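Contents: one structure, followed by commentary.
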Amino acid sequence: AQSVSQHNHHVILSEAASLELGCNYSYGGTVNLFWYVQYPGQHLQLLLKYFSGDPLVKGIKGFEAEFIKSKFSFNLRKPSVQWSDTAEYFCAVNEFSGGYQKVTFGTGTKLQVIP
Amino acid sequence: SAVISQKPSRDICQRGTSLTIQCQVDSQVTMMFWYRQQPGQSLTLIATANQGSEATYESGFVIDKFPISRPNLTFSTLTVSNMSPEDSSIYLCSVDSGRASPKTSTDTQYFGPGTRLTVL
């Protein structure tokens, strides 16, 4: 079965610090990869996604992620975080089998940005 | 993208009762999904609901406990039956971005605001 690992459960950064959140998955077939963000009191929103092509994908609010197939990784990065980036971040992997889609989520990483 | 609404947004229920959660989408979608997010945990897929067919349940979830309806391409309901405190969770409806057509591999899931359920 597919599994998604987010190694950092809780990250605390000062404003302007650089961010990298790790995500590894186990499925060996073709996958689509996502990062979702959940701001306090709000619902899940899509941050960025990778389907094919350039493995470096850019999302909203200055976030980017790099798909490294050999490492089964899809790490999220931002060069300079802001207080407003305080949120929980979920990595997700979408696998397709026989026309059936299943998205598996990681356990999430809570990011706290200190002003 | 799709705009998704859920009702109710939150509820407090007594043990042994049932609650039906509604999910409405502003466009026709092929597949709808129901997730559970228990306190401090990630999202767990409960079932996938296609219009006109039985829902497909994930391991650990059964139709008797979580019956799902999908009467048309813009609406679905999830019922949490015979509730216990362990069912306290946020229940999320999700849809993919594909229209009512054969699926492609370029779909993205969008999420509703969730229903926060507390069972006493």
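Line by line, the protein sequences are chains A and L. For the first sequence, the working numbering begins at 2 and goes up steadily by one. For the second sequence, the working numbering begins at 31 and goes up steadily by one. For glycine and all other residues, C-beta sits at the position ideal for the given N, C-alpha and C. Please read all numbers here as calculations on a predicted model, not as lab measurements.
Whose C-beta lies closer than 8 Å to the C-beta of L:Q139 among residues of the same chain, with five residues either side of it excluded?
By 1-based counting over the second sequence, the position of residue 139 of chain L is 109. Cβ neighbours of L:Q139 beyond the five flanking positions: F63, S124, V125, D126, S127.
For A:L20, tell me which candidate among A:F97, A:R78, A:A93 has the shortest Cα-Cα distance.
The count along the first sequence starts at 1 and reaches residue 20 of chain A at position 19. Ranking A:F97, A:R78, A:A93 by Cα distance to A:L20 puts A:R78 first.
Can you check the stretch 69-93 of chain A for any alpha helix (DSSP H) of at least 4 residues that lies completely inside it and give the ranges in chain order?
none
Answer with buried or exposed for A:N76, where buried requires no fewer than 16 other C-beta atoms within 10 angstroms of its C-beta.
As a working note, residue 76 of chain A is residue 75 in the first sequence. It counts as buried.
Just curious, the beta strand (DSSP E) that L:S124 is in, first and last residue?
Counted from its first residue, the second sequence places residue 124 of chain L at position 94. 119-126 is the span of the beta strand (DSSP E), which, as asked, contains L:S124.
Do you know offhand how far L:V149's Cα is from L:M113's?
Taking the first residue of the second sequence as 1, we reach residue 149 of chain L at position 119. Taking the first residue of the second sequence as 1, we reach residue 113 of chain L at position 83. Distance between the alpha carbons of L:V149 and L:M113 is about 7 Å.
Tell me which residue opens and which closes the beta strand (DSSP E) that L:P101 is part of.
For this step, residue 101 of chain L is matched to residue 71 along the second sequence. Note, L:P101: beta strand (DSSP E), 98-102.
Just the chain A side, please: which residues come within less than 9 Å of L:Y87 by C-beta, in chain order?
Counted from its first residue, the second sequence places residue 87 of chain L at position 57. The premise fails here: L:Y87 is roughly 12 Å from chain A at the closest Cβ pair, so nothing lies under 9 Å.
Just the C-alpha distance for A:G109 and A:E96, rounded to the nearest angstrom, thanks.
Taking the first sequence and counting its residues from 1, the one referred to as residue 109 of chain A is at position 108. Taking the first sequence and counting its residues from 1, the one referred to as residue 96 of chain A is at position 95. Going from the Cα of A:G109 to the Cα of A:E96 covers about 19 Å.
Quick one: Cα of A:I61 to Cα of L:R45, how far?
Walking along the first sequence from the start, residue 61 of chain A turns up at place 60. Walking along the second sequence from the start, residue 45 of chain L turns up at place 15. Rounded to whole angstroms, A:I61 to L:R45 spans 42 Å at the Cα level.
Compare the Cα-Cα distances from A:G29 to each of A:V12, A:K72, A:A88, A:Y90 and report the closest residue.
Locating residue 29 of chain A in the first sequence gives position 28, counting from the first residue. Considering only alpha carbons, the answer is A:K72.
For L:I51, which residues from the same chain have a beta carbon less than 6 Å from its beta carbon, with the 5 sequence-adjacent residues on both sides left out?
In the second sequence, counting from the first residue as 1, residue 51 of chain L sits at position 21. Hits under 6 Å: L108, Y121, T145.
Excluding the 5 residues flanking A:K70 on each side, which residues of the same chain have their C-beta closer than 7 Å to its C-beta?
Reading the first sequence from its first residue, position 69 is the one you call residue 70 of chain A. Nothing meets the Cβ criterion.
Can you find the residues in the same chain that come closer than 8 Å, C-beta to C-beta, to A:V12, ignoring five residues on each side of it along the sequence?
As a working mapping, residue 12 of chain A is identified with position 11 in the first sequence. Closer than 8 Å at Cβ, skipping near neighbours: L20, L22, T110, K111, L112, Q113.
Got a sec, what are the start and stop residues for the beta strand (DSSP E) L:D23 sits in?
Since the first residue of chain L shown is 31 and the last is 150, residue 23 of chain L is not available in this structure.
For A:L47 and chain L, any beta-carbon pair shorter than 8 Å?
In the first sequence, residue 47 of chain A corresponds to position 46, counting from 1. Closer than 8 Å: yes.
Start and end of the beta strand (DSSP E) containing A:F35?
Counted from its first residue, the first sequence places residue 35 of chain A at position 34. Unbroken beta strand (DSSP E) run through A:F35: 32-39.
Determine which residues of the stretch 94-121 of chain L have a Cβ less than 7 Å from any Cβ of chain A, and write them out in chain order.
The stretch 94-121 of chain L vs chain A, Cβ under 7 Å: nothing.
Mind listing the chain A neighbours of L:S72? Cutoff is C-beta to C-beta under 7 Å, in chain order.
Residue mapping note: residue 72 of chain L aligns to position 42 of the second sequence, counting from 1. Chain-order list of chain A residues neighbouring L:S72: F91, F106, G107, T108, G109, by C-beta distance under 7 Å.
For the beta strand (DSSP E) that contains L:M113, what are its first and last residues?
The count along the second sequence starts at 1 and reaches residue 113 of chain L at position 83. Counting along the chain, L:M113 falls outside any beta strand (DSSP E), and DSSP gives it neither H nor E.
Taking its Cβ as the centre, do 16 or more other Cβ atoms sit within 10 Å of A:Y40, making it buried, or is it exposed?
One-based indexing of the first sequence puts residue 40 of chain A at position 39. With fewer than 16 other Cβ atoms within 10 Å, it is exposed.
If contact means a Cβ-Cβ distance below 8 Å, which residues of the stretch 7-18 of chain A contact chain L?
none
Tell me, to the nearest whole angstrom, how far the beta carbon of L:V92 is from that of L:L147; I am working on the premise that it is less than 8 Å.
Taking the first residue of the second sequence as position 1, residue 92 of chain L is located at position 62. Taking the first residue of the second sequence as position 1, residue 147 of chain L is located at position 117. Between L:L147 and L:V92 the Cβ distance is about 18 Å, and since that is not below 8 Å, they are no contact.
In angstroms with no decimal places, state the Cα-to-Cα distance between L:E84 and L:A77.
Along the second sequence, read from residue 1 onward, the residue named residue 84 of chain L stands at position 54. Along the second sequence, read from residue 1 onward, the residue named residue 77 of chain L stands at position 47. A straight line joining the alpha-carbon of L:E84 with that of L:A77 spans about 10 Å.
Hey, out of L:T47, L:S35, L:A79, whose CA is closest to A:L45's CA?
Your numbering for residue 45 of chain A matches position 44 in the first sequence. For A:L45, the nearest C-alpha among the options comes from L:S35.
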